[in-house]
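S.K.: Residue numbers (this note's numbering), protein chains in the order written: chain A, 1 to 410; chain B, 1001 to 1371. Positions of the beta carbon are idealized from the N, C-alpha and C atoms, including for glycine. Pasting a structure here, questions to come.
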Amino acid sequence: MRAIFHIDMDAFFVSVEELFDPSLKGLPVVVGGAPNQRGVVTAASYAARKFGVHSAMPLRTAYKLCPQAIFVEGHPQRYRQYSRKVFDVLSSFTPQVEMASIDEAYLDLTGTQRLHGHPMDAAHALHERVGRETGLRCSIGISTSKLVAKVASDQAKPNGILWVRPSMEAAFLAPLDVRKIPGIGKVTEKHLHALGIRKVGDLARLDAAFLERRFGQWGLAMSGQALGLDAGSWFDSEIGGASDPKSISHEHTFDQDTADFTALEATIAYLAEKVARRLREHFLYSRTIHIKLRYSDFSTFTRARTLDHGTQLDAEILDAARLLFQKNWTGAPIRLLGVYAGSLESAEGQLNLLDNSKTERWRKAMSAVDRMRDRFGESSVSLATGLQGKYRERVHENPEGLPGKEPRKS
Amino acid sequence: MEFTVSKGDLVRELNLSQGVVEKKTTIPILSNILIETGEDQIILTATDLELGIRCSCPARIVRKGAGTVPAKRLLDYVRLLPDADVNVKFQENHWASLVCGRSRTRIAGMSRESFPELPAIPAPVASFPASTLAGMIGRTIFAISNEESRFTLNGALLVLRPATMVMVSTDGHRLAMVETLSEIPGVKTMERALLPRKAMGEILKLVADSGENDQIEFSSDDNHLFFRFGERLLISRKLTGNFPDYERVLPKEQPQRIRVANAELRAGIERVSQFADERSRAVKVQVGPGELKIYSSLSDTGESEESMPLEYDGPTVEIGFNAQYMLDFLRAASEESVDFLFKDGESAGELRPAGDGTGFNNRYVVMPMRI
Chain A
1 MRAIFHIDMD AFFVSVEELF DPSLKGLPVV VGGAPNQRGV VTAASYAARK
51 FGVHSAMPLR TAYKLCPQAI FVEGHPQRYR QYSRKVFDVL SSFTPQVEMA
101 SIDEAYLDLT GTQRLHGHPM DAAHALHERV GRETGLRCSI GISTSKLVAK
151 VASDQAKPNG ILWVRPSMEA AFLAPLDVRK IPGIGKVTEK HLHALGIRKV
201 GDLARLDAAF LERRFGQWGL AMSGQALGLD AGSWFDSEIG GASDPKSISH
251 EHTFDQDTAD FTALEATIAY LAEKVARRLR EHFLYSRTIH IKLRYSDFST
301 FTRARTLDHG TQLDAEILDA ARLLFQKNWT GAPIRLLGVY AGSLESAEGQ
351 LNLLDNSKTE RWRKAMSAVD RMRDRFGESS VSLATGLQGK YRERVHENPE
401 GLPGKEPRKS
Chain B
1001 MEFTVSKGDL VRELNLSQGV VEKKTTIPIL SNILIETGED QIILTATDLE
1051 LGIRCSCPAR IVRKGAGTVP AKRLLDYVRL LPDADVNVKF QENHWASLVC
1101 GRSRTRIAGM SRESFPELPA IPAPVASFPA STLAGMIGRT IFAISNEESR
1151 FTLNGALLVL RPATMVMVST DGHRLAMVET LSEIPGVKTM ERALLPRKAM
1201 GEILKLVADS GENDQIEFSS DDNHLFFRFG ERLLISRKLT GNFPDYERVL
1251 PKEQPQRIRV ANAELRAGIE RVSQFADERS RAVKVQVGPG ELKIYSSLSD
1301 TGESEESMPL EYDGPTVEIG FNAQYMLDFL RAASEESVDF LFKDGESAGE
1351 LRPAGDGTGF NNRYVVMPMR I
């Protein structure tokens, strides 16, 4: 019988801020920036959540809902440091650890009963150790699948432990709203509601073939998930197994919407550079470059271009992204820009006949640049076009290089 | 204008113009075919502004004149008529009325005034057998780039020198070069031009419809290339831009060389490629003492391997290739054997037809894949 633990840190960013400034404890705290700044709430303390503040909400809205809240800037470096501490505690229990994001992890404790005892005992030990060594609280869900463990930790919040006994998975899920299934968002929820499906139990009673006709592959996965099985791309991988990213992306929200071509192009160069750097870190080559444009009115467009060969070079990604931008930008002020690399492959594939020596020179230059960045920091070397496009790093829940999710070694 | 023409003659000539006529109706007149009367013949002209074709067919002229009608509609209708004479009469409102036996039709046309003028044909600079040009196109057309942004690669380079004629195409991953071995009469100076892919396709169609020993008269002006097949004329706009320096790309020397039967190699690659990654089409070629192996790496679909005996005692070399690139050449080459020249897994490999008698010096350079 599998024993999967999902550990989810309680209000992680806020709790880390509290460690550095204990006076924040118990107060409504909003992490993300000043209330008059653009941008969104990265995290909110439980006290702030009572006023309806939640992550991804514009900071200004949060301020309207809860003007007395204390607004603080995020500190990515601190969060990474504490995420690492949590990881170290978890890995002392089992090597089978996968950080799913900066503040949550899956553990596979299958077959460790003799070492750690009953799953509940193991969970209590884990909970206590995380608290003692990091000063942070977490919630733990335990089940036979990653999916149910994740839902259980959510139900256990804050600071709780919930074990779903084997064979009780479907019964545990049945009374919950369909939204509780990870991956069912607003849109799918609306579709399901239209079919009269509100609870996971309703979903479980439906025919898999019906859901597949209605929602395709995702419908098939949902029907399995409703029964508590790990189905669908998010859950079908083994914990601790090396997994390659499906795409690599970077985006930037401007402090002020801009229609300045030079500034926009510089930002694209900066984003392309970051994407290329990460492709090289993962030893991956991309064949499809996408850009995302969001205008002042929040209308959002993504456009893609398929290359005739795989690349991980800044200049080639920039060329493709710039071409897409020039073709598709309406000239209106832009709020957000993103550069994505998809169709990732582990080998370079087709080599170039005409520009081979040029590509080879770029490749050598980039590998030297990477070594310099490793030693002197990310901003030590960059494309001239991108110089004006540099911005302070934003808090991100899925930063690169998470432990347990490290770049594959070639 | 009024004339009478045989249905068979008209269908044959209209067929040749279909590939040229503009399919998208951004400029309506370009969907039309221009019909003009000549001496005991009618002259048919179609163009999409990039490419123009002019052909003729014998006719009995009743009254001189000119008019235009939609090319596809005209062909689709005339094709359905019985094999008999068709009488065509253009009216004041530019409509054409067709009478054939007991069939009567009026087709809405447009004034000839709005039909674009084709450039005048300059004096010919060279003349060569139609089959030679078709052979050269067949050995290069597959390597032309589909990448629209690389527009100088969307056609083939044509080089005419007093001693030879060369055609080269490349998509940046492979390059096909073919050169005639016999002298081209009439060439005084070097001519260099980029011939669009569409024109090459139309030339192949025209050659297929002409006789074995027909000659092509070639001429050019600043912007156009002219190919005259007897009474038929194809005019193509030149592609502008710089074609890559192909001579630099052709390997100077290749340390290893093997000879294989074309049909055997082709069949082997065709079978193995069924199990190649669908997107990359990658297969591996391994040349070792006494044996050539072609295989696909293990994937979700399975794996496959072919082996054939070989006269070779050099070092074992393994090279990854896009199977499609190899097959393109092998299918175009009519020779029984081909030579494969190579160095290592990082350098360009080369295929050449083996033996004499092809009439061409043909080289095909393919960059490997890193798998």
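Is any beta-carbon of chain A found at less than 8 Å from that of B/A1143?
M.R.: no
S.K.: Would you say B/E1278 lies against chain A (beta-carbon separation less than 8 Å)?
M.R.: no
S.K.: Which residues does DSSP list as the beta-bridge partners of A/L302?
M.R.: Sequence check: residue 302 of chain A is Thr here, not Leu. Within the DSSP secondary-structure output, A/T302 pairs in a beta bridge with A/K292.
S.K.: Could you tell me whether the Cβ atoms of B/K1238 and B/L1225 are closer together than 8 Å?
M.R.: yes
S.K.: Ignoring anything shorter than 3 residues or poking outside the segment 1087 to 1150 of chain B, list the beta strand (DSSP E) runs there in chain order.
M.R.: 1096 to 1100, 1103 to 1107, 1126 to 1129
S.K.: According to the Cβ coordinates, are B/I1058 and B/D1009 closer than 8 Å?
M.R.: Reading off the sequence, residue 1058 of chain B comes out as Pro, not Ile. In this structure, B/D1009 lies closer than 8 Å to B/P1058 by Cβ.
S.K.: How big is the Cα-Cα spacing for B/D1221 and B/Y1246?
M.R.: 24 Å
S.K.: With distances taken between CB atoms, is the gap from A/L203 to A/A226 smaller than 8 Å?
M.R.: yes
S.K.: Measuring CA to CA, which of B/V1338, B/M1136, B/F1321, B/P1244 is closest to B/I1371?
M.R.: The residue from B/V1338, B/M1136, B/F1321, B/P1244 with its alpha-carbon nearest to that of B/I1371 is B/F1321.
S.K.: Within the 8 Å Cβ cut-off, does A/D10 reach chain B?
M.R.: So no, A/D10 is outside the interface.
S.K.: Taking all protein chains shown into account, decide if A/R322 is buried (16 or more other Cβ within 10 angstroms of its Cβ) or exposed.
M.R.: buried
S.K.: Taking B/E1113 as the reference, which of B/L1034, B/A1193, B/R1363 has the closest Cα?
M.R.: B/L1034
S.K.: What residue range is occupied by the uninterrupted alpha helix (DSSP H) comprising A/K412?
M.R.: Absent from the structure is residue 412 of chain A, since the part of chain A shown begins at 1 and ends at 410.
S.K.: Are the segment 1154 to 1164 of chain B and the segment 1131 to 1145 of chain B touching by the rule of at least three beta carbon pairs closer than 8 Å?
M.R.: yes
S.K.: Once DSSP output is grouped into helix, strand and coil, what is the label at B/E1278?
M.R.: coil
S.K.: What are the start and end residues of each continuous beta strand (DSSP E) run of 3 or more residues lying completely inside the segment 71 to 133 of chain A, in chain order?
M.R.: 97 to 101, 104 to 108
S.K.: Leaving aside the five residues before and after B/T1045 along the sequence, list all residues of the same chain whose C-beta is less than 6 Å from its C-beta, in chain order.
M.R.: L1034, R1054
S.K.: Can you list the residues of chain A that B/E1147 reaches, using a CB-CB cut of under 8 Å?
M.R.: D308
S.K.: Using a 10 Å radius around the Cβ and a threshold of 16 neighbouring Cβ atoms, would you call A/A434 buried or exposed?
M.R.: Residue 434 of chain A lies beyond the residue range present for chain A, which begins at 1 and ends at 410; the question has no answer from this structure.
S.K.: Mapping DSSP to helix, strand and coil, what is B/M1190?
M.R.: coil
S.K.: Are the Cβ atoms of B/T1068 and B/N1015 separated by less than 8 Å?
M.R.: no
S.K.: A/T144 to A/I184, Cα distance in whole Å?
M.R.: 21 Å
S.K.: Over the uninterrupted beta strand (DSSP E) stretch that includes B/Q1254, give me the two end residues.
M.R.: Counting along the chain, B/Q1254 falls outside any beta strand (DSSP E), and DSSP gives it neither H nor E.
S.K.: Using a Cβ-Cβ distance under 8 Å, would B/P1251 count as near chain A?
M.R.: no
S.K.: Verify the CB distance criterion: does B/I1269 have a CB-CB separation below 8 Å to chain A?
M.R.: no
S.K.: Mark A/S15 as exposed unless 16 or more other C-beta atoms lie within 10 angstroms of its C-beta, in which case mark it buried.
M.R.: buried
S.K.: Excluding sequence positions up to five away, which residues of its chain have a Cβ less than 8 Å from the Cβ of B/T1004?
M.R.: A1059, R1060, V1062, D1085, V1086, N1087, V1088
S.K.: If you reduce the DSSP assignment to three classes, tell me which class B/Y1301 lands in.
M.R.: In the sequence on display, residue 1301 of chain B carries Thr and not Tyr. Three-state result, B/T1301: coil.
S.K.: Would you call the segment 104 to 116 of chain A and the segment 41 to 60 of chain A touching, i.e. three or more CB-CB distances under 8 Å?
M.R.: Not touching, per the Cβ criterion.
S.K.: Please classify A/S223 as buried or exposed, where buried requires at least 16 other C-beta atoms within 10 Å of its C-beta.
M.R.: It counts as buried.
S.K.: Which complete beta strand (DSSP E) runs does the segment 157 to 224 of chain A hold, if anything under 3 residues is left out?
M.R.: 161 to 163
S.K.: Please name the residue or residues paired with B/A1176 in a DSSP beta bridge.
M.R.: B/S1169, B/Y1364
S.K.: Given this structure, state the Cα-to-Cα distance separating A/R305 from B/K1024, to the nearest angstrom.
M.R.: C-alpha separation (whole angstroms): 24 Å.
S.K.: Identify the contact partners of B/R1370 in chain A, using a Cβ-Cβ distance below 7 Å as the criterion.
M.R.: A347, E348, G349, L351
S.K.: Compare the C-alpha of A/L59 against each of A/G33, A/S83, A/A170, A/A276 and name the closest.
M.R.: A/G33
S.K.: Does DSSP classify A/M9 as helix, strand or coil?
M.R.: strand
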